[in-house]
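Presented below is the structure to which this report refers.
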Amino acid sequence: MESTGHYRYDSLGRRVAKQAEINGVVEQKRFLWQGLRMLREEAPGQNILYLYEPGSYAPLARVDQAEGQEQKLYYFHTDQIGTPLELTDSDGTIVWQASYRSWGAIENLTIQEITQNLRFPGQYRDVETGLHYNTFRYYDPEVARFTTQDPIGLLGGFNLYSYAPNSTGWLDPLGWCVNTNVTRGAAGQPLRATATITKNDLKTGTATNQSSRAWARMMGNSDDDAGHIIGKLLGGSGGKEGVFPQLSKVNRGLFRDFEKQIAKDVFDNGPVDVELVFKYGAGGTRPTKVIYNVFRNGDLVDGKIFSN
């Protein structure tokens, strides 16, 4: 296959257009954005509008509009981090289905009645290169590496080209850093959370508020704290999406001390990846135990179990 690609970007670094030539056939596309999420792609005679889960890069649906035809609605079915596995039409018929290797390359494309280019959260596959456009960098799924260095250098870790330590729990929709990712149960209770903490994250978190405290107590006990999933000191959010019901003496005691220990380690020695696993009693929405592990370059460097 002979192919070339030409790309255009806006002042924020987002890709807004591309022209690809594959075996002499020219393809042109334009891209519209909602913040840092791709909202729409436009090609001659056809447009695609993407809908996402609120506050997430996980796609929910797309609306296709071909010139002279009625709109067609398709639904995404994703894995635990938001990678598309299937696409179904309004009748429930599967029109696209794929399985992946560990780091995002397609293993089997079982059904492809329509083209579907979304991959890991925030990624868009370019046929002409085989690379995935990752908002601010390009990612090669065959080698599990970005093609350019991390723009923040060693602050992002010693491997300047790495994607994430674990592709099933971590995600990097911008190609900059690994975002906090929370897996939740049916009632919204956190089951597992992962994040990368860098020196730039320290002391950038937000405090809890009346709404998040009320939500935590609804999920737990009336005298519970709204404990940060990722501590405020480590850059975590105090909103509803970032808290859980936590025993106040643990939140303000051993848990906070451990977060201070992590912050000092990050300041002195560089970034870490953290993983929190929440354990529940049967049918409960208030965790009885929190397992907190800290990794550096894939190796476990610290960990504690907190009763709740």
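Numbering (the numbering used here), first residue to last: -9 to 298. Every residue, glycine too, gets a C-beta built ideally from N, C-alpha and C.
Backbone CA spacing between residue i and residue j [nearest angstrom]
i: residue 294; j: residue 14; result: 59 Å
i: residue 187; j: residue 61; result: 43 Å
i: residue 232; j: residue 85; result: 36 Å
i: residue 32; j: residue 26; result: 17 Å
i: residue 289; j: residue 112; result: 27 Å
i: residue 283; j: residue 265; result: 5 Å
i: residue 168; j: residue 114; result: Model confidence at residue 168 stands at a pLDDT of 48, short of 50, so the residue's coordinates are unreliable and nothing is read from them.
i: residue 88; j: residue 39; result: 21 Å
i: residue -6; j: residue 69; result: 32 Å
i: residue 90; j: residue 97; result: 5 Å
i: residue 151; j: residue 110; result: 16 Å
i: residue 171; j: residue 292; result: 20 Å
i: residue 262; j: residue 37; result: 41 Å
i: residue 42; j: residue 73; result: 12 Å
i: residue 59; j: residue 35; result: 10 Å
i: residue 239; j: residue 131; result: 45 Å
Run of the alpha helix (DSSP H) containing residue i, from where it starts to where it stops
i: residue 29; result: Taken as a continuous stretch (DSSP letters only), residue 29 belongs to no alpha helix (DSSP H), being part of the beta strand (DSSP E) at 27 to 33.
Among the options, the one whose alpha carbon lies nearest that of residue i
i: residue 298; options: 214, 201 and 273; result: 214
i: residue 209; options: 92, 176, 104 and 260; result: 176
i: residue 117; options: 266, 100, 51 and -8; result: -8
i: residue 218; options: 197, 201, 267 and 204; result: 197
i: residue 2; options: 16, 22 and 108; result: 22
i: residue 66; options: 48, 267 and 57; result: 48
Boundaries of the beta strand (DSSP E) in which residue i is found, first to last residue
i: residue 21; result: 15 to 24
i: residue 85; result: 84 to 90
i: residue 68; result: 62 to 68
i: residue 101; result: 96 to 102
Distance cut-off 7 Å: residue i Cβ against heavy atoms of the ligand ADP
i: residue 107; result: As presented, the structure is devoid of all ligands, the ligand ADP included, so that no description of it is given.
Check your understanding: Are the stretch 114 to 129 and the stretch 73 to 82 touching by the rule of at least three beta carbon pairs closer than 8 Å?
Key -> no
Point to revise | Contact the stretch 212 to 227 vs the stretch 176 to 191: 3+ CB pairs below 8 Å | key: yes
Exercise for review: May I have a chain-ordered list of the alpha helix (DSSP H) segments no shorter than 4 residues that lie completely inside the stretch 155 to 229?
Suggested key: 200 to 209
Check your understanding: Would you say the stretch 66 to 78 touches the stretch 44 to 52, given that touching needs at least three Cβ pairs under 8 Å?
Key -> yes
Exercise for review: Please list the segments of the beta strand (DSSP E) lying wholly inside the stretch 223 to 296, counting only runs of 3 or more residues, in order along the chain.
Suggested key: 233 to 236, 262 to 269 and 279 to 286
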